[in-house]
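Undergrad: In the numbering used here, the protein residues as written are 279 to 859.
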């Protein structure tokens, strides 16, 4: 019912790097490829250094600067390199190193950085560039030397330094080499825990959760009270799908660090992911009790109440959040959802219309359109939809699909088909458009187009269970190509054995093949999972064929009560029930 967008993905926040594009060497053109190694906090720039420069060197520098402005980087590099050799000023070596790195000249980069470090041995930026150059060229011993020096000089900044390097190396598929270099560092550092921690981060980047678990445990063995490592240990469990272990770890951490709300919030999010909503609500309630002004936790608690169908409690919290400008849009959206659930269309629309901007604005507008369509107010729904085209140009595809759905609900299948065909002219491979047009083609009995569109999807994505099911079911329902249908449906049910609509299709195929008892098993499972009209109609017909007519009438009566306008149920009534009377 409620989609927890707030917690839908637990991101690996600790893996965020800070590498980007570097300053280009004195040119107005954008570099084709570049890398920036950020200056370490506290590092002193030498721009105020006064250096005596003889006329020859000054001429070299002017020539190098002019060459850089003209994009003649080889000349610029030679000028700065020669100046760095003649004058003991690290600024010249730094400039040469950055130009050489931009040019991807590993030999010149190493030479320039060596000069730079000779003049300023503790310069972290120089060390990082030297480490990066060695990592890129695969010089493990030199890379170990510079990485080891980075850890010795700046243990507090070591994690960020390594993640900067990892961000660059990831594009070159060399993260594993950085991991190897860290593994070869001498085991003499007091801050060895951070090395294991970084290795754990890199292991997750390499999609090796077992290795990540081992390394984070080593980090905690070295520094047992490190809360950041404990949080990441839980995050690894979440990303590995082991939610129970993550909960246990976070519960222990929250007891150990009772003032750390970050741990408690993460615990609540994991509990939600594990569908343990009651416990998640208790955690959020505890956070709010300690900090009544925590609006983020209040909003999260409201969503938990909605998930547990405690709409009144959620409503109370959301209405209080309306008093805070930063939360008005979110609160209004979910207040609209509450009224929609209560079938108070007018009130729901009023709340959705309150959401005028922010991340919920589009969803609120679409929710209003959907609500109007359910209430058969199609003119108003279409009018609102047309205004969204200019407001949300990035949502063009979704808006086309919604317009097609509006046409379909009004049984204007030809309009929907034409709309989707026009859209496919510009996006011929778009799977959602192909699939939706296939549905419209089925309504218009254009089976050749339906088959072509679904097969086009399967060419792109052979394991698309939705397309396999749609094609298989259509062949069962509209043709006598049962053997071909069986091929598609058997693959679909292997891919998604618990999906109700696929079980329904497979059961209906078995019925058409004369296997009524086997059909009954699949259809009963499907109907127990999803009491849709079509599934109910199929189940009733199979029961009727098995001479279990009382059961068939009972299933039909309930299904018709839930979906009085369902075409499959009405068709069963006309063909079977009415003819039997």
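No residue lacks a Cβ here, since even glycine has one placed at the ideal position from N, Cα and C. Values in this document were obtained by computation on a predicted structure and should not be read as measured data.
Could you pull out every residue in the same chain whose Cβ sits closer than 7 Å to the Cβ of residue 822, ignoring the five residues on either side in sequence?
TA: Once the five neighbours on either side are set aside, the close Cβ partners of residue 822 are 830 and 854.
Undergrad: By a C-beta neighbour count over all protein chains shown, 10 Å radius and 16 as the cutoff for buried, is residue 610 buried or exposed?
TA: Buried, since its Cβ has 16 or more Cβ neighbours within 10 Å.
Undergrad: Go through the segment 388-438 residue by residue and report every complete run of the alpha helix (DSSP H) that reaches 4 residues or more, in order.
TA: Runs of the alpha helix (DSSP H) inside the segment 388-438: 402-415 and 418-431.
Undergrad: Taking the alpha-carbon of residue 674 as reference, which of 644, 836, 349 and 563 has the nearest alpha-carbon?
TA: The shortest Cα separation from residue 674 among 644, 836, 349 and 563 belongs to 644.
Undergrad: Excluding the five sequence neighbours on either side, which residues of its own chain have a C-beta within less than 8 Å of the C-beta of residue 484, listed in chain order?
TA: Closer than 8 Å at the Cβ level, and outside the excluded window around residue 484, lie 453, 454 and 457.
Undergrad: Quick check: the segment 524-541 against the segment 487-499, are there 3 or more CB pairs under 8 Å?
TA: Touching, no.
Undergrad: Under the assumption that residue 753 contacts residue 763 (Cβ atoms under 8 Å), give the Cβ distance between them as a whole number of angstroms.
TA: Between residue 763 and residue 753 the Cβ distance is about 4 Å, and since that is below 8 Å, they are a contact.
Undergrad: What's the call for residue 825, buried or exposed, on a 16-neighbour Cβ count within 10 Å?
TA: Flag for residue 825 reads exposed.
Undergrad: I'd like the list of long-range same chain contacts for residue 815, defined as Cβ closer than 8 Å, with 5 residues on each side in sequence excluded.
TA: The answer, listed in chain order, is 834, 837, 844, 846, 847, 849 and 850.
Undergrad: Give every residue of the same chain whose Cβ lies closer than 6 Å to the Cβ of residue 751, excluding the five residues on either side of it in the sequence, and list them in chain order.
TA: These residues qualify, in order along the chain: 783.
Undergrad: Ignoring anything shorter than 4 residues or poking outside the segment 681-727, list the alpha helix (DSSP H) runs there in chain order.
TA: Counting whole runs of 4 or more residues, the segment 681-727 contains the alpha helix (DSSP H) stretches 691-704 and 709-721.
Undergrad: My parser needs the alpha helix (DSSP H) runs of 4 or more residues fully inside the segment 438-477; what are they?
TA: Entirely contained in the segment 438-477, the alpha helix (DSSP H) runs reaching 4 residues are, in chain order, 453-461.
Undergrad: In whole angstroms, what separates the C-alpha of residue 552 from that of residue 417?
TA: If I take the Cα positions, the gap works out to 45 Å.
Undergrad: Assuming residue 572 and residue 535 form a contact by the criterion Cβ under 8 Å, report the distance between their Cβ atoms to the nearest whole angstrom.
TA: That belief does not hold up - the Cβ atoms of residue 572 and residue 535 are roughly 17 Å apart, past 8 Å.
Undergrad: Would you kindly report the start and end of the unbroken alpha helix (DSSP H) that includes residue 539?
TA: It spans 539-551 - the alpha helix (DSSP H) in which residue 539 sits, taken as one unbroken run.
Undergrad: Roughly how many whole angstroms lie between the Cα atoms of residue 777 and residue 626?
TA: Cα to Cα, residue 777 sits roughly 32 Å from residue 626.
Undergrad: Can you tell me which of 706, 437, 471 and 577 puts its alpha carbon nearest to the alpha carbon of residue 499?
TA: Nearest option by C-alpha distance: 471.
Undergrad: Would you report the Cα separation of residue 688 and residue 726, rounded to the nearest angstrom?
TA: Using only the alpha carbons, I get a separation of about 24 Å.
Undergrad: Compute the Euclidean distance between the alpha carbons of residue 807 and residue 631, then round it to the nearest angstrom.
TA: Going by the C-alpha atoms only, they are around 35 Å apart.
Undergrad: What does the Cβ neighbour count give for residue 289, buried or exposed, with the cut at 16 atoms within 10 Å?
TA: The predicted model places residue 289 with a pLDDT of 26, which falls under 50 and marks its position as unreliable; any figure quoted below should be read in that light. Counting Cβ neighbours within 10 Å, residue 289 comes out exposed, since fewer than 16 surround it.
Undergrad: Suppose only complete runs of 4+ residues qualify. What are the alpha helix (DSSP H) ranges in the segment 489-537, listed by chain order?
TA: Runs found: 505-517 and 521-534.
Undergrad: Taking the C-alpha atoms as reference points, what is the distance between residue 446 and residue 439?
TA: Looking at the two C-alpha atoms, the distance is approximately 11 Å.
Undergrad: When DSSP labels each residue in this structure, what does residue 673 get in the three-state scheme?
TA: In this structure, residue 673 counts as helix in the three-state DSSP scheme.
Undergrad: Return the CA-CA distance between residue 768 and residue 519, expressed in angstroms with no decimal places.
TA: Going from the Cα of residue 768 to the Cα of residue 519 covers about 28 Å.
Undergrad: Around the Cβ of residue 839, are there at least 16 other Cβ atoms within 10 angstroms (buried) or fewer (exposed)?
TA: Residue 839 is exposed by the Cβ-count criterion.
Undergrad: Whose C-alpha, out of 661, 424 and 399, is nearest the C-alpha of residue 410?
TA: The shortest Cα separation from residue 410 among 661, 424 and 399 belongs to 424.
Undergrad: Taking all protein chains shown into account, decide if residue 737 is buried (16 or more other Cβ within 10 angstroms of its Cβ) or exposed.
TA: Residue 737 should be labelled exposed.
Undergrad: For the alpha helix (DSSP H) that contains residue 848, what are its first and last residues?
TA: That run of the alpha helix (DSSP H) goes 845-850.
Undergrad: Which word fits residue 620, buried or exposed, when buried means at least 16 other C-beta atoms lie within 10 angstroms of its C-beta?
TA: By the neighbour-count rule (16 or more Cβ atoms within 10 Å), residue 620 is not buried but exposed.
Undergrad: Using 10 angstroms around the beta-carbon of residue 681, count the other beta-carbons present and answer buried if the total reaches 16, otherwise exposed.
TA: Residue 681 is buried by the Cβ-count criterion.
Undergrad: To the nearest angstrom, report how far apart residue 503 and residue 400 are at their CA atoms.
TA: Each residue's alpha carbon lies about 30 Å from the other.
Undergrad: Drop a sphere of 10 angstroms on the beta-carbon of residue 313, count the other beta-carbons inside from all chains shown, and report buried for 16 or more, exposed for fewer.
TA: Legend: pLDDT at residue 313 = 39, less than 50; position of this residue unreliable, value from coordinates given subsequently. Burial call: buried.
Undergrad: Measure the alpha-carbon distance for residue 758 versus residue 708 and round it to whole angstroms.
TA: Straight-line Cα distance between these residues: approximately 30 Å.
Undergrad: Beta-carbon separation of residue 798 and residue 820 under 8 Å?
TA: Yes, the pair counts as a contact, with Cβ atoms nearer than the cut-off.
Undergrad: If distances are taken between C-alpha atoms only, which option among 555, 575 and 554 comes closest to residue 563?
TA: If we check each option's Cα against that of residue 563, 575 comes out closest.
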